[in-house]
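Novice: Handing you this structure, nothing more for now.
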Amino acid sequence: MQTLLNLLAGVSLLVWGTHIVRAGILRLFGGNLRRVLRHSADNRAAAFFAGVGVTSLIQSSTATALIVAAFAGQGLIGTAPALAVMLGADVGTALITLALSFDLAWLSPLLIFSGVVLFLARQTTPVGRFGRVLIGLGLIIFALQWISVAARPVVQAAGVKVIFASLTGDVLFDMLVAAVLTVLCYSSLAVVLLVATLASLHVIALPVALGLVLGANLGSGLLGMLSTLRSPPEARRVTLGNFLFKLIGALVAVPLLHLLEAPIASLGLEDAKEVVLFHVGFNVALALLFILFTTPIARLAERLLPSLPVADDPGKPRHLDPSALDTPGLAISCAAREALRIGDVIEAMLNGMLTVLKQNDRALAQRLRKLDDTVDDLYTAVKLYLTQISREALEEKEGRRWTDIVSFTINMEQVGDIIERIITDLEDKKIDKGRNFSEAGMAEICDLHARLIANLRLAMSVFLDGDLRSAQQLLAQKVLFRDLERAYADSHLARLAGNTLESIETSSLHLDLIADMKRVNSHICSIAYPILEEAGVLAKTRLKEPEPADASAPPPTAAATPREWSERRNPSAA
Numbered sequence: 031m032q033t034l035l036n037l038l039a040g041v042s043l044l045v046w047g048t049h050i051v052r053a054g055i056l057r058l059f060g061g062n063l064r065r066v067l068r069h070s071a072d073n074r075a076a077a078f079f080a081g082v083g084v085t086s087l088i089q090s091s092t093a094t095a096l097i098v099a100a101f102a103g104q105g106l107i108g109t110a111p112a113l114a115v116m117l118g119a120d121v122g123t124a125l126i127t128l129a130l131s132f133d134l135a136w137l138s139p140l141l142i143f144s145g146v147v148l149f150l151a152r153q154t155t156p157v158g159r160f161g162r163v164l165i166g167l168g169l170i171i172f173a174l175q176w177i178s179v180a181a182r183p184v185v186q187a188a189g190v191k192v193i194f195a196s197l198t199g200d201v202l203f204d205m206l207v208a209a210v211l212t213v214l215c216y217s218s219l220a221v222v223l224l225v226a227t228l229a230s231l232h233v234i235a236l237p238v239a240l241g242l243v244l245g246a247n248l249g250s251g252l253l254g255m256l257s258t259l260r261s262p263p264e265a266r267r268v269t270l271g272n273f274l275f276k277l278i279g280a281l282v283a284v285p286l287l288h289l290l291e292a293p294i295a296s297l298g299l300e301d302a303k304e305v306v307l308f309h310v311g312f313n314v315a316l317a318l319l320f321i322l323f324t325t326p327i328a329r330l331a332e333r334l335l336p337s338l339p340v341a342d343d344p345g346k347p348r349h350l351d352p353s354a355l356d357t358p359g360l361a362i363s364c365a366a367r368e369a370l371r372i373g374d375v376i377e378a379m380l381n382g383m384l385t386v387l388k389q390n391d392r393a394l395a396q397r398l399r400k401l402d403d404t405v406d407d408l409y410t411a412v413k414l415y416l417t418q419i420s421r422e423a424l425e426e427k428e429g430r431r432w433t434d435i436v437s438f439t440i441n442m443e444q445v446g447d448i449i450e451r452i453i454t455d456l457e458d459k460k461i462d463k464g465r466n467f468s469e470a471g472m473a474e475i476c477d478l479h480a481r482l483i484a485n486l487r488l489a490m491s492v493f494l495d496g497d498l499r500s501a502q503q504l505l506a507q508k509v510l511f512r513d514l515e516r517a518y519a520d521s522h523l524a525r526l527a528g529n530t531l532e533s534i535e536t537s538s539l540h541l542d543l544i545a546d547m548k549r550v551n552s553h554i555c556s557i558a559y560p561i562l563e564e565a566g567v568l569a570k571t572r573l574k575e576p577e578p579a580d581a582s583a584p585p586p587t588a589a590a591t592p593r594e595w596s597e598r599r600n601p602s603a604a
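The sequence shown begins at 31 in the numbering used here and counts up one residue at a time.
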């Protein structure tokens with residue numbers, strides 16, 4: 031029993047090591063890897079080699095599939111170039127399998143020791159993340175040695191012999207077993223290395239090992255499909271097309287396996303090397319066969335998974351891809367796109383508000399109030415999506431972006447609430463009572479409204495690219511807007527003093543409206559604060575420095591007590 035547990039522990043350690051390497055590389059180079067994949071979409075060869083390179087780093091074609099599928103779901107890459115990336119990803123993970131099949135036992139202690147030292151010394155820095163990668167690589171190599179040692183006594187057990195005896199060369203059954211094991215382990219790399227180790231110990235024959243390798247490849251494709259089940263059709267087409275590549279390749283390879291056994295055996299290599307080379311050859315053959323047929327396969331995938339009609343519910347998120355949550359940096363990008371969509375809804379509400387103001391359009395006012403419900407729904411969706419992202423898996427820059435998105439959506443939600451209140455006030459105090467603003471008052475409101483729209487667009491630009499100069503301009507607009515609001519309030523009071531009838535009738539509404547518009551502008555301009563604070567150009571206070579005290583001035587009087595204050599206000603009571 032103990033030896034069986036040792037074997038299972040070795041397999042678990044192998045799977046865990048691949049996970050650590052994948053997570054570490056994504057934290058270290060995640061943003062750069064995503065840019066490489068997205069910018070290689072225009073050229074089929076570039077897309078293929080980008081897939082090879084990225085997957086060689088993260089050691090998981092499934093992780094690459096999730097990244098590319100998320101890009102496809104957002105319309106950033108077409109299905110055909112995405113499939114070219116996936117062909118390269120499969121070759122990349124096969125090459126990593128080949129590299130790990132060599133005897134690197136001497137390297138494992140060095141990698142683990144170096145990785146632990148780097149990680150403990152600089153945990154939150156790129157150096158610390160690189161240490162995690164070294165730890166993962168060391169664990170993979172150590173796990174392979176552990177499996178090799180633990181398997182020797184296990185395979186002598188009668189029960190285990192019965193299990194492996196069931197793998198008698200029935201290729202379809204062997205493929206099924208390996209496919210299921212790949213899904214359970216969430217790694218075809220780990221399964222192929224396990225098969226190679228078992229073959230080196232003569233636990234399984236070469237024909238069985240080859241069938242298991244085909245099954246591991248099928249399982250890898252199936253794993254990608256399962257991981258994108260909740261994604262839009264545009265994303266699922268990528269994993270479906272990749273699975274079709276593997277399925278067609280496996281169906282072609284099955285009747286040829288008995289013809290390949292003799293040439294492979296004639297190489298005179300160790301059984302483990304022969305198994306791994308078959309794995310590499312299978313994926314290279316798939317790439318050579320299908321690299322020119324990515325477009326037809328993409329069209330087939332599009333027929334099998336047609337695009338869904340655009341949802342009628344505007345409150346339903348469009349960019350929050352659930353499959354991207356496994357890649358936190360990519361999920362941050364999805365949340366940012368949805369946050370910008372909230373900004374678009376706010377702009378529509380602001381534009382509609384002016385129409386209601388000018389034309390007393392009650393039907394439009396009702397539609398605008400429903401748009402506030404849309405803002406609330408989208409805000410809730412983005413907030414819940416962000417809470418599902420592992421903060422620990424984010425780089426420092428991505429962590430700040432996470433906070434910026436939360437701040438942006440909170441401000442937009444509050445702006446929506448203020449606009450809804452303005453619409454309600456316009457209905458109650460203007461439309462229902464048949465009142466109108468004075469010509470001068472309306473001109474002032476229109477000026478503030480135009481500045482609101484301009485500031486909102488500038489704020490969305492600042493949120494998108496984080497430009498420091500634009501952020502400074504946005505903060506300057508906040509000060510200007512505040513000064514204008516005060517000036518226009520004084521102008522309104524002057525019109526009241528001049529007995530302007532429209533101003534008298536709408537005085538309360540007018541002052542409330544421009545005050546609410548100032549609050550809207552404050553929420554919009556606050557989007558600049560994180561960028562300004564990070565750049566160190568944000569003042570800590572708006573208070574002026576106190577002037578030096580005059581030595582000849584009399585000392586300040588003590589504050590009055592409550593009793594003294596009462597006596598001053600009511601001398602007769604003293």
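Glycine is no exception: its CB is placed at the ideal position from the N, C-alpha and C atoms.
Here the structure is a predicted model, which means the values were calculated and not measured.
#1: Identify every run of the alpha helix (DSSP H) within the region 375-449, keeping only runs that are complete inside it and at least 4 residues long; order them along the chain.
#2: Measuring CA to CA, which of Asn-381, Cys-555, Asp-542, Leu-531 is closest to Val-509?
#3: Classify Ser-257 as buried or exposed, calling it buried when 16 or more other Cβ atoms lie within 10 Å of its own Cβ.
#4: Any idea what DSSP makes of Arg-52, helix, strand or coil?
#5: Give the straight-line distance between the Cα atoms of Leu-219 and Arg-499, rounded to the nearest whole angstrom.
#6: Any contact between the region 108-128 and the region 69-87? By contact I mean 3 or more CB pairs, one from each, below 8 Å.
#7: Residues in the same chain with beta-carbon distance under 8 Å from Thr-587, minus the five sequence neighbours each way, listed in chain order, please.
#8: Between Ile-50 and Thr-357, how many whole angstroms is the CB-CB distance? I'm expecting something under 8 Å.
#9: Tell me the rounded alpha-carbon separation between Tyr-518 and Phe-438.
#10: Mind checking which residues open and close the alpha helix (DSSP H) that includes Ser-500?
#11: From Thr-404 to Glu-535, what does the alpha carbon distance come to, in whole angstroms?
#12: Going by Cα to Cα distance, which pick from Ala-114, Glu-425, His-540 is closest to Leu-319?
#13: Leu-380: which of Glu-264, Arg-481, Leu-416 sits nearest, CA to CA?
#14: If you follow the alpha helix (DSSP H) that Asn-247 is part of, which residue opens it and which one closes it?
#15: To the nearest angstrom, report how far apart Ser-230 and Glu-300 are at their CA atoms.
#16: Would you grab the beta carbon distance between Ile-13 and Leu-37 for me? Rounded to a whole angstrom, and I think it's under 8 Å.
#17: Is it true that the CB of Gly-373 sits closer than 7 Å to the CB of Leu-398?
#18: If distances are taken between C-alpha atoms only, which option among Val-41, Arg-348, Leu-248 comes closest to Ile-170?
#19: Can Val-492 and Ile-557 be called in contact, C-beta distance under 7 Å?
#20: In three-state DSSP terms, what is Ile-107?
#21: What residue range does the alpha helix (DSSP H) around Ile-327 cover?
#22: Helix, strand or coil, according to DSSP, for Thr-357 in the structure here?
#23: Reducing DSSP to helix, strand and coil, say where Pro-262 ends up.
#24: Since Thr-85 is in the alpha helix (DSSP H), which residue starts that stretch and which ends it?
#25: Please return the same chain residues whose Cβ sits closer than 7 Å to the Cβ of Leu-505, not counting the five positions on each side in sequence.
#26: Give the DSSP-derived three-state secondary structure of Phe-275 in the structure shown.
#27: Taking only beta-carbon positions, decide if Glu-443 is within less than 7 Å of chain B.
#28: For the candidate residues Val-201, Val-238, Phe-312, whose alpha-carbon lies nearest to that of Pro-285?
#29: Buried or exposed for Gln-507, going by 16 or more other Cβ atoms inside 10 Å?
#30: Give me the Cα-Cα distance between Leu-568 and Gly-496, rounded to the nearest whole angstrom.
#31: Exposed or buried, which one is Trp-136 when buried takes at least 16 other CB atoms within 10 Å?
#32: Using the three-state DSSP reduction, which class does His-349 fall into: helix, strand or coil?
#33: Between the beta-carbon of Leu-174 and the beta-carbon of Leu-141, is there less than 7 Å?
#34: How far does the alpha helix (DSSP H) with Tyr-559 in it extend, from its first residue to its last?
#35: Indicate whether Ala-246 and Val-222 have their beta-carbon atoms separated by less than 7 Å.
#36: Along the alpha helix (DSSP H) that carries Arg-465, what are the first and last residues, could you check?
Specialist: So, from the data block:
#1: 392-417
#2: Cys-555
#3: buried
#4: helix
#5: 48 Å
#6: yes
#7: Note on Thr-587: pLDDT 45, under 50, position unreliable in the model; the coordinate value appears next. Closer than 8 Å at Cβ, skipping near neighbours: no residue.
#8: In fact, because the Cβ distance is near 15 Å, the residues do not count as touching under 8 Å.
#9: 28 Å
#10: 498-527
#11: 34 Å
#12: Ala-114
#13: Arg-481
#14: 236-257
#15: 7 Å
#16: It is not possible to answer for residue 13, since the shown part of the chain is limited to 31 through 604.
#17: no
#18: Val-41
#19: yes
#20: coil
#21: 324-334
#22: coil
#23: coil
#24: 74-88
#25: Cys-555, Ala-558, Leu-562
#26: helix
#27: The structure shown contains no chain B, having only a single protein chain.
#28: Val-201
#29: buried
#30: 15 Å
#31: exposed
#32: coil
#33: no
#34: 559-565
#35: yes
#36: Where Arg-465 is concerned, there is no enclosing alpha helix (DSSP H), given that its DSSP letter is neither H nor E.
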